[in-house]
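Below is one structure, written out as structure tokens; the observations come after it.
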Amino acid sequence: MTDERPWVLHVDLDQFIAAVEILRRPELAGLPVVVGGRGDPTERAVVSTASYEAREFGIRSGMPLKTAVRKCPDAVFLPVDAPAYEEASAAVMGVLRGMPGAVVEVLGWDEAFVGVTTEDPVAYANSIRTAVFEATSLHCSVGVGDTKVRAKIATDFGKPQGVYRLTRDNWFEVMGARPTTALWGVGTRIAARLASHGYRTVEDLADADEAVLVAEFGPTMGPHYGRLGRGVSSATVDDTPWVARAHGRETTYQTNLTEPQEISAALRELAGQVVEDIRAEQRPCIRVFLKVRFAPFFTVNRGRKLAEPTYDPDVIAATAVALFTALEDERPVRLLGVRAEMVPPEGGYDSPRSTGRGGPSAQRSGTAGATDDVAPKP
DNA sequence: TCTGGGGTCCTAGGACCC
DNA sequence: TCTGGGGTCCTAGGACCC
């Protein structure tokens, strides 16, 4: 007589980027290490990952390197080396796929959902941590949940090098009093709109009037936020390989651009890089998006559908320039980006998949376990 | 303090067709 | 004279995540 049930595990590598750098430069172990941009803290760039030692100085992901160096002048600053992280990531994902009975859904370089049926999910989570460390020398934390949202959030409580279990039984006990921003998919903007209706905590949101949520956020997002408050989401881990919808390139300029000529030259450069990426996918561009960040800090996005699919960088660049011109904005430019939406693959996209995002389509993509059953609140 | 670079998805509203 | 709905395509804009 066993009690085998399906579980969602969320595996997240600890200080992944910094850890990969320290592995190949062991003399950095124990030092404050900051990885970001080109590794020059005098440039316009932000922190990708700070080691735990650097975090003790208050350095966080997303913080400008200039701020980080002020907080810890003695920190070691390293450039981002994407190929190295991709290689380490592939090794980790390979270990996960080799776990008995595991279904693996990759979310990013350093995280994945693992679906497994077991009677002891915490023991299974620990066996993942051991296997990953033995194969790669990288530490990870694992969240154990009965839904994806609960597993994802649980991981934070397990960090570093730990396992944490979050289910319908302890959801409100652990999460109920926390602000709505503690939820995966609720940022400061949504939290402010929720607060305008008096919904400030996870428990407030769980008990929210659905009609109010629908009026505020629409028929899809409104109920989605309500479910999020209860920790309810899909529990189906889907290993269908992710297929990109688009590829883009963007650059922040160390000095702002002002001349139309240098702006079109920059857009041409970005268009050329984008074409390399979409050629590799063998799917031509059907829509061009332009992203502009004007100084001091104001961002706009504009898109335009093309008359026909193309790989021609001149067409893409010309479209981007036309979108820029249509803005009729004379302010200096600090960032430009060009993004190419590609023709969908034969037969369309397999299942609407999202990376780096716990949106409602990720929730909808499976209903197993997506019931509204939650334990009574304490 | 001064805010990267890579993505995805949702909503609203206008245009157009039947 | 006044005025349908439903569907699709497109653009603008907003939000979130790693």
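With numbering that gives the first Met the number 0 applied, the first sequence corresponds to residues 0 to 377, in that order. Where a beta carbon is used, it is the ideal one built from N, C-alpha and C, also for glycine. These figures come from a predicted structure and were not determined experimentally.
Beta-carbon proximity check, Tyr221 vs Glu202, cutoff 8 Å: Here residue 221 is Gly; the residue named in the question, Tyr, does not match the sequence. At a Cβ-Cβ threshold of 8 Å, Gly221 and Glu202 do not count as neighbours.
Cut-off 8 Å between Cβ atoms - residues of its own chain near Gln173, not counting five sequence neighbours on either side: According to the sequence as given, residue 173 is Val; it is not Gln. The beta carbon of Val173 lies closer than 8 Å to those of Phe156, Leu165 in the same chain, with the five residues before and after it left out.
Simplified DSSP assignment, three categories, for Gly93: Residue state, collapsed to three classes: helix.
Meets three-Cβ-pair contact criterion under 8 Å: the stretch 15-28 and the stretch 39-46: No, the stretch 15-28 does not touch the stretch 39-46.
The stretch 304-324 contacting the stretch 241-250, beta-carbon criterion three pairs below 8 Å: With the cut-off at 8 Å, the stretch 304-324 and the stretch 241-250 do not touch.
Completely contained alpha helix (DSSP H) runs for the stretch 221-258, where each covers 4 or more residues: Counting whole runs of 4 or more residues, the stretch 221-258 contains no alpha helix (DSSP H) stretch at all.
Inter-residue Cα distance where the pair is Arg128 and Ala18: Taking C-alpha positions only, Arg128 is separated from Ala18 by approximately 15 Å.
CA nearest to the CA of Ala130, picked from Val148, Arg96, Ile262, Ile152: It is Arg96 whose Cα lies nearest to the Cα of Ala130.
Ala316 versus Val273: straight-line alpha-carbon distance, rounded: When rounded, the distance between both Cα atoms is 10 Å.
Trp183 - containing alpha helix (DSSP H), residue span: Where Trp183 is concerned, there is no enclosing alpha helix (DSSP H), given that its DSSP letter is neither H nor E.
Classification of Pro240 by the beta-carbon crowding that lies within 10 angstroms, buried from 16 upward: Label assigned to Pro240: exposed.
Rounded separation between Arg301 and Ser263 - CA only: So the two alpha carbons sit approximately 16 Å from each other.
Three-state secondary structure (DSSP) of Pro344: Looking at Pro344 - three-state DSSP - the assignment turns out to be coil, as it is neither helix nor strand.
Span separating the alpha-carbon of Thr324 from that of Gln260: So the alpha carbons of these two residues sit roughly 12 Å apart.
Close-in-space but distant-in-sequence residues of the same chain around Pro120 (CB under 6 Å, 5 per side omitted): Here the set comprises Trp6, Val143.
Per DSSP, cross-strand counterpart(s) of Phe15: BP columns for Phe15 are empty, so no partner.
Val10 in three-state terms, based on DSSP: DSSP places Val10 in strand when its eight states are reduced to three.
Residues near Glu280 by beta carbon distance below 8 Å, same chain, minus five either side: In chain order, Ala243, His246, Met341 place their CB closer than 8 Å to the CB of Glu280, counting only its own chain and leaving out the 5 sequence neighbours on each side.
Segment contact, 8 Å Cβ cut-off, at least three pairs: the stretch 84-103 with the stretch 50-61: No, the stretch 84-103 is not in contact with the stretch 50-61.
Residues near Thr298 by beta carbon distance below 6 Å, same chain, minus five either side: Contacts found: Arg292.
Terminal residues of the beta strand (DSSP E) in which Ser140 lies: Unbroken beta strand (DSSP E) run through Ser140: 139-144.
Selected residue, minimal CA-CA separation from Asp2, among Thr318, Tyr84, Thr117, Thr219: Nearest C-alpha to Asp2: Thr117.
DSSP bridge partner residues for Gly5 (one or two, in chain order): Reading off the sequence, residue 5 comes out as Pro, not Gly. Note: Pro5 sits in a beta bridge opposite Thr116.
Reference Asp311, options Arg303, Pro283, Pro295, Pro331, closest by Cα: Out of Arg303, Pro283, Pro295, Pro331, Pro283 has the C-alpha closest to the C-alpha of Asp311.
Nearest-angstrom Cα separation, counted from Asp313 out to Ser140: Taking C-alpha positions only, Ser140 is separated from Asp313 by approximately 46 Å.
Local Cβ density within 10 Å of Ala374, reported as buried at 16 or more and exposed below that: Its pLDDT being 45, under 50, Ala374 is placed unreliably by the model, and the measurement read from it follows with that caveat. Exposed is the label assigned to Ala374, since fewer than 16 other Cβ atoms lie within 10 Å of its Cβ.
Nonlocal neighbours in the same chain, by C-beta distance under 7 Å from Asn125, ignoring five residues either side: Result list for Asn125: Val162, in chain order.
8 Å contact criterion, which Thr48 and Phe15 should meet: CB distance rounded: Yes, they are in contact, since the Cβ atoms of Thr48 and Phe15 sit about 7 Å apart, within 8 Å.
Three CB pairs or more closer than 8 Å across the stretch 231-240 and the stretch 104-118: Cβ pair count under 8 Å is three or more, so yes.
Lys290 - DSSP class collapsed to helix/strand/coil: Looking at Lys290 - three-state DSSP - the assignment turns out to be strand.
Alpha-carbon spacing of Val105 relative to Gly347, whole angstroms: Near 20 Å, if we compare the C-alpha coordinates of Gly347 and Val105.
Buried or exposed (CB count within 10 angstroms, at least 16 for buried), Thr135: Counting Cβ neighbours within 10 Å, Thr135 comes out buried, since at least 16 surround it.
Coil, strand or helix - Gly271 by DSSP: The answer is helix: DSSP assigns Gly271 an H, G or I state.
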